[in-house]
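Protein chains in written order, with my numbering: chain G, 5 to 244; chain D, 1245 to 1533. Structure, as structure tokens:
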Amino acid sequence: MRVFLIATLVTMPFVAAQPPAAGRSEPMNAAGTAKASAPMDITGYWVALVTEDWRLRMVTPRKGDYPAVPMTPQARKVADAWDPAADETSSDLCKAYGAAAIMRLPARFHITWQDDNTLRVDSDWGMQTRLFHFNSSPGPPGERTRQGYSNAQWQRPASLKVATNNLRAGYLRKNGVPYSENAAVTEYFDTAPLPSGGQVLLVTTIVDDPQYLQQPFIVSSQFKKEADGSKWDPQPCTAK
Amino acid sequence: MGSTAVHRKISRSKIAMVGGVLLCLGFCQTAAAQVEITGSWAARNHEFLTGDGLPVDFTGIPLNEEGRIRALSYSESQLAMVEHQCQGWPAFYFVQGPFGLKIWSDTDPLKGNVISYTIGAWEDRAPLTIWMDGPPHPSKYAEHTRAGFTTGVWEGNTLVAYTTHMKAGFLRKTGAPSSDEASLTTRFYRHGDILTVLAIIEDPIYLAEPWILSRSFQLSATPLPPIGPPCITTYEGSIGQTAPHYLPEKNPFIDEMTTKYGVPRDAAIGKPETIYPEYRKKIPAAQAK
């Protein structure tokens, strides 16, 4: 027994220290509600910090201005045919506000628990609502929507993974860079303290779309937490 | 030995074993709460972080007034001067530059723990070593270098690095300045084969508030080089009698972002309020389209 005990104590650190996978983002045990088992709190008001890609996000780029998007030739044709006037007169002004692009918009986001297993993300610009479903199977696909269907999973030790599909086709950028309805969006939500106080939310977004993207489109966006909703300013979608 | 004595002995052993395992788990949790970040991480330049397409592009950088004046006085022709050609960029540049990251670790040969991680160099960027064995940051009077001095700790699965002692340089190649008091906090998040780096740059001399950037890299099976090509100076036609510069109010490129991309001047010159969404309302509609 003593030998076994010593062997256990000696080998345990090495055994346990082996990462189960190189990336080591294990899903957490689904027992209990998502709210109760949340390893991090991302609820609250978050403001986008437009510190990168400013000219592509704060103003609508001109037609043909698509730097850094790995577009397929087919996507380029579609984007080259972008007609903002036609978009403006259509019933859907929100093509650039879908799940594949919304976290890159210069907007505020309000994150709340809709219920014990559903995280709700509202945007003020575009007035969109995303629902992140924990502990649920999506069931048969329903009607495609701008925000699609999102499955959410906490990751150890403190991260959130969200996988979204069943999307309506939309724009990755406001000047008509397309994504198809078969696009799949994977997002990781992480938080960090600011050295001088406050909190940052980091969202890594990966869009897979073999039809319009030559490789997954990967961007990361950062948000700063606000004390309250005093700057919340709902504005409808705009096509231009 | 009676059955009671045997039972007591087994119980003591069990208690010791459970205690040991619990103790071990506490230790193991710390040891295991790390991810592998070494390897070759390919650039996925789907974000335009270099931001050096036009001479006066300070968009997204919350410069203070002094930083703005310095930025507007900069002329890229300075890089033609022999003494500046190989000056390189500060540590921030590993997040902004177009290259991937080659990261390796050095381990203590006896204990096996990681002493440091190193992010390989490029032609215009020095290697960045993240010391994991807990050395204190040097005195503020100590030598400042391009890469600075960096320490790191694991917070859960996130590597957090803190860099000080960088030489004065540039926040962006277009001339937005950084002082030798600037610091950089980087956090490395790994999710599968994606490595996202969050960079928080603070500079009490030239920034009105922290400049926060992030960028993602993808694990590459193809090894990236740990160094770049050597930087070799050469005569580029600049005669060394003057330092190329502009008077800040006479920078000839100040409105180029406006005419080419519809970016208002306040945003192009890095006014802090322009990094927040509400600034959209101040953008003239004709420019926003």
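All C-beta atoms in this analysis are idealised placements derived from N, C-alpha and C, irrespective of residue type, glycine included.
So, with DSSP's three-state summary, where would you put residue i?
i, result
"W86 (chain G)", "coil"
"K178 (chain G)", "coil"
"G1311 (chain D)", "helix"
"H1328 (chain D)", "helix"
"S140 (chain G)", "coil"
"V1339 (chain D)", "helix"
"I1305 (chain D)", "coil"
"S1422 (chain D)", "strand"
"K1384 (chain D)", "coil"
"R160 (chain G)", "coil"
"S1321 (chain D)", "helix"
"E1522 (chain D)", "helix"
"M44 (chain G)", "coil"
"D1350 (chain D)", "strand"
"A1260 (chain D)", "With a pLDDT of only 48 at A1260 (chain D), under 50, the local geometry of the prediction cannot be trusted, and the value read off the model is given with reservation. DSSP places A1260 (chain D) in helix when its eight states are reduced to three."
"W58 (chain G)", "helix"
"Q203 (chain G)", "strand"
"P197 (chain G)", "strand"
"I1498 (chain D)", "coil"
"I1438 (chain D)", "strand"
"L1372 (chain D)", "strand"
"A1239 (chain D)", "Summary: the structure shown does not reach residue 1239 (chain D), with chain D confined to residues 1245 through 1533, and so no result is reported for it."
"A188 (chain G)", "strand"
"Y216 (chain G)", "coil"
"E1517 (chain D)", "helix"
"Y153 (chain G)", "strand"
"P208 (chain G)", "According to the sequence displayed, residue 208 (chain G) carries Thr and not Pro. Reduced to three states, the DSSP call for T208 (chain G) is strand."
"Y1479 (chain D)", "coil"
"K235 (chain G)", "coil"
"K1504 (chain D)", "helix"
"D1296 (chain D)", "coil"
"N169 (chain G)", "strand"
"R148 (chain G)", "coil"
Mark residue i as exposed unless 16 or more other C-beta atoms lie within 10 angstroms of its C-beta, in which case mark it buried.
i, result
"L1316 (chain D)", "buried"
"N1357 (chain D)", "exposed"
"L217 (chain G)", "buried"
"R66 (chain G)", "exposed"
"L53 (chain G)", "buried"
"G1506 (chain D)", "buried"
"C1330 (chain D)", "exposed"
"Y1479 (chain D)", "exposed"
"A187 (chain G)", "buried"
"A105 (chain G)", "buried"
"Y70 (chain G)", "buried"
"T1407 (chain D)", "buried"
"C98 (chain G)", "buried"
"R59 (chain G)", "buried"
"I1471 (chain D)", "exposed"
"P182 (chain G)", "buried"
"G1364 (chain D)", "buried"
"Q159 (chain G)", "buried"
"L1491 (chain D)", "exposed"
"Y192 (chain G)", "buried"
"R1509 (chain D)", "exposed"
"S1284 (chain D)", "buried"
"E1320 (chain D)", "exposed"
Find the residues of chain C that neighbour residue i, judging by a C-beta separation of less than 8 Å, and give them in chain order.
i, result
"S224 (chain G)", "Absence of chain C from the displayed structure is noted, the protein chains being G and D."
Let me check one thing: in DSSP terms, what residues is residue i bridge-paired to?
i, result
"E1399 (chain D)", "D:T1402"
"S1427 (chain D)", "D:E1446"
"F1393 (chain D)", "D:T1408"
"H1489 (chain D)", "D:Y1318"
"L1457 (chain D)", "D:A1443"
"E230 (chain G)", "G:Y49"
(request) Compile a chain-ordered list of the residues in the region 1287 to 1319 of chain D whose CB is closer than 9 Å to at least one CB of chain G. (result) R1288, N1289, H1290, E1291, F1292, L1293, G1295, G1297, D1301, T1303, G1304, I1305 and P1306
(request) Determine which residues of the region 32 to 64 of chain G have a Cβ less than 8 Å from any Cβ of chain D, and write them out in chain order. (result) V51, A52, L53, V54, T55, E56, D57, W58, R59, L60, M62, V63 and T64
(request) Report the residues of the region 1425 to 1437 of chain D with a CB closer than 9 Å to any CB of chain G, ordered along the chain. (result) S1427, T1429, R1431, Y1433, R1434, H1435, G1436 and D1437
(request) Could you please tell me which residues of the region 72 to 87 of chain G, in chain order, have their CB closer than 8 Å to any CB of chain D? (result) A72, V73 and P74
(request) Using a Cβ-Cβ cut-off of less than 8 Å, list which residues of the region 192 to 203 of chain G approach chain D; keep chain order. (result) Y192, D194, A196, L198, P199 and S200
(request) Anything in the region 1438 to 1452 of chain D with a Cβ closer than 7 Å to a Cβ of chain G? List those residues in chain order, please. (result) I1438, T1440, L1442, I1444 and E1446
(request) Using a Cβ-Cβ cut-off of less than 8 Å, list which residues of the region 1511 to 1531 of chain D approach chain G; keep chain order. (result) A1511, T1518, I1519, Y1520, P1521, E1522, Y1523, R1524, I1527 and Q1531
(message) Please give the ranges of any alpha helix (DSSP H) in the region 64 to 132 of chain G, keeping only runs that are unbroken, at least 4 residues long and fully inside the region.
(response) 77 to 84 and 88 to 93
(request) Taking a Cβ distance cut-off of 7 Å, strictly less, list which residues of the region 1399 to 1416 of chain D are near chain G, in chain order. (result) G1400 and N1401
(request) Note down, in chain order, all residues in the region 1366 to 1378 of chain D with a beta-carbon under 9 Å from any beta-carbon belonging to chain G. (result) none
(request) Select from the region 108 to 121 of chain G all residues with a C-beta closer than 7 Å to any C-beta belonging to chain D, and list them in chain order. (result) P110, A111 and R112
(message) Along the region 128 to 147 of chain G, where does the CB come closer than 7 Å to a CB of chain D? Name the residues.
(response) W129
(request) Taking only beta carbons into account, state which residues of the region 149 to 166 of chain G come closer than 9 Å to chain D, listed in chain order. (result) Q159, R160, P161, A162, S163 and K165
(request) Could you list the residues in the region 1486 to 1512 of chain D with a C-beta less than 8 Å from some C-beta on chain G, going in chain order? (result) M1501, Y1505, G1506, V1507 and A1511
(request) Residues of the region 231 to 244 of chain G with a CB closer than 8 Å to any CB of chain D: list them in chain order, please. (result) K235, D237 and K244
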